[in-house]
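In full-length UniProt numbering, the protein residues as written are 1 to 749.
Put into structure tokens, the structure is as follows:
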């Protein structure tokens, strides 16, 4: 049994003409036409009057329900007056008649009747009638009693002025049934013609056919349905959506409190708009501020009860407030930190991003400086720019010595060395992402393998791209292999220096199309081309040569190996103490590559060592020795610094750097403490705590659980190392890469 729908409560409350009957009467008991108001009350008994009153109440309920969610079944159920079966007496009961199959039912619960008769398949014509207007009832059969007299009475009472629903064809357009909320729940807007039916009915008389009470027969005739005039708008179906908007506007004006766009309380609205403004400002690189003027966004804000937000508000007061808040937060962080490292990023961009690395492993954006002309990047300009940024960050303390170093990828090592010479407390590093990327160019310049593989790939790509017949063969096999066809990219020479990125893309494309290329040169049509074209024969021989593919794979493998390390460094942002282990890892991987592809190891390692020396800084060795993360356990279960991994020259670098970073009076004391650190090391319990590792949730790799523990150990349990501790805490937290904050396109513009 379904829940009562709109109109059922009123139908149940109306006075009943007869007791509810769950089963329909016999098929021959046809409904009798409704009783007119013109019939004198004196001509009716109490049962007939109650039936007429019940009938009028049902008609009123039906007229209201046709505009609500009960229209789906009231469109097929019509109130009728039914006489007692086989008696010939006047009608004494009001019932519901199905316009589809002419069956009659009790009117006590219309929704239950609709569910059982229409939805559950009892009516044989209901499924066929979906989406089509219900047919008018059949014409009445000829009267069996020739003396039966029919009267046509004109009625203008409110209850009888409603047009039967069977005469209102529903619209087939889905756009005419838009859901909207009213009062206590949703309501489905019916067809456009139904919306105007009540207006048309109010201006026309309703003709009701009634029989003489004395001449009733057991099978009274069925009244024919009166077709209602259909309202047609000048715009056709295109007017349905504007009409729905008009009706919604009228409903909102009539009951503003019930409209879906009721405004939220002011505190909630302000909090929601603040979050929306934060999202706009933080995603300004991908979302334009002009999006707040979009009509659909404004409509959405109204629907959820929020006021509109303007572009001027975002770019004005809110942006100023965010800037002031961020600036105050950055200044507070700078004041709390005892020292910091300045990072300058922007190697090939028009804007240099200056950020500040703090000892607590956080980075704070400082400013973005445009670099409009290459001449502006002179050493003097670079030094002035970096010193100005360091002074700005140190403004709260007034001591530029709080800047313990600079890491940069844009400026050359000469600029950084000059700054170190002028400011002896600084440790200025070149970005290792930048340095390791240059290793690819070094290998391309000094290894003949690179130039040979790139040149041969360029020949193959050029021939297949420019020769239509062989290009068609390649595309056919590419579609079979990859599902789509594509041209092979061609890198411009020279291939032995500069940026090898374009050549790497070309090598990767050739390797991806290896099988389609090999199948193409085996085609009979390609062999026909080879008869007259020597270039085709050369390309075929190259594609079928195993040595060529070995060269291409070897070159591609080494470039990918180095670029993967570069991407990992950009993500991990290693500290300065990790530089020596990272370069040792690169050495091991390059040696393995040489053995795999039978490449002369001496040449490749010479190229690697030359690049290592260009990037090396004495702080690498000093941080590697002073960082408890790299302490090694000896036979006596002591954790000692790894001096055995340093070359004699690197050990001297450690001594020289430590003496430079302390005052002349403390230099001797710092070296004495370094000797004690070398012999005693760290308490095993603290050393193990510093070196605790845990899996990274995103990658699964084992990583240090607490990076700051290395510095904190020096500031707490190693406090007896007064001079050496000052150097250690300033070195350990330094970053080896300048990559951090990226400039968005809007910032670049």
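All C-beta atoms, glycine included, are put in the ideal place defined by N, C-alpha and C.
Residue 340 sits in a strand when the DSSP states are folded into three classes. Annotation: residue 362 to residue 685 spans about 27 angstroms, alpha carbon to alpha carbon. Following the DSSP letters along the chain, one finds residue 516 inside the alpha helix (DSSP H) bounded by residues 514-521.
Straight-line measurement puts the Cα of residue 554 at about 42 angstroms from the Cα of residue 426. Judged by DSSP in its simplified three-state form, residue 615 adopts helix.
Around the beta carbon of residue 611, a 10 Å sphere encloses 16 or more other beta carbons of the protein chains shown; the residue is thus reported as buried.
Per DSSP, residue 82 is one residue of the beta strand (DSSP E) stretching across 77-82. Straight across, the Cα-Cα distance linking residue 521 with residue 565 is about 37 angstroms.
Only residues of its own chain outside the window of five on either side were considered, and among them 457, 460, 461, 488, 517, 552 have a CB closer than 8 angstroms to the CB of residue 510, listed in chain order. Going by DSSP, residue 725 is part of the alpha helix (DSSP H) stretching over 722-732. Residue 698 and residue 679 have their alpha carbons spaced roughly 39 angstroms apart.
In its chain, beyond the 5 residues on either side, 703 have a beta carbon closer than 7 angstroms to the beta carbon of residue 696.
Residue 579: member of the alpha helix (DSSP H) spanning 579-597, first to last residue.
Under the DSSP definition of a beta bridge, residue 428 partners with 406. In this structure, DSSP gives residue 632 an extended state, which the three-state scheme calls strand.
Taking residue 681 as the centre and dropping the five residues before and after it, the same chain places the C-beta of 631, 638, 639, 640, 641 closer than 7 angstroms to its C-beta, in chain order.
Boundaries of the alpha helix (DSSP H) around residue 296: 295-303. In the DSSP assignment, residue 735 is bridged to 575. For residue 599 and residue 593, the gap between their C-alpha atoms comes out near 8 angstroms. Residue 608 sits away from residue 624, with the two beta carbons spaced by 9 angstroms or more.
For residue 318, no beta strand (DSSP E) segment is defined, and its DSSP state is neither H nor E.
Counting other Cβ atoms within 10 Å of its Cβ, residue 104 reaches 16 or more and is therefore classed as buried.
In this structure, the straight-line span from the alpha carbon of residue 295 to that of residue 311 is close to 13 angstroms. Here residue 617 is not near residue 453, since their CB atoms are 9 angstroms or more apart.
Contact between the region 70-80 and the region 106-120 is present: 3 or more CB-CB pairs across the two stretches fall below 8 angstroms.
In the DSSP assignment, residue 624 is bridged to no other residue. With fewer than 16 other beta carbons inside 10 angstroms of its own, residue 304 counts as exposed.
Counting of Cβ neighbours within 10 angstroms places residue 323 among the exposed residues, the total staying below 16. Distance from the CA atom of residue 603 to the CA atom of residue 327, rounded to whole angstroms, is 52 angstroms. Going by C-alpha positions, residue 719 is about 28 angstroms away from residue 694. Note on geometry: alpha-carbon atoms of residue 410 and residue 431 lie some 9 angstroms from one another. Secondary structure at residue 702: strand, using DSSP grouped into helix, strand and coil.
Annotated as distal: residue 342 and residue 318, with beta-carbon spacing of 9 angstroms or more. Between residue 561 and residue 574 the beta-carbon gap is near 17 angstroms, outside 8 angstroms, which marks them as no contact. Take residue 455, set aside five residues on each side of it, and the residues of its chain with a beta-carbon closer than 8 angstroms to its own are 493, 495, in chain order.
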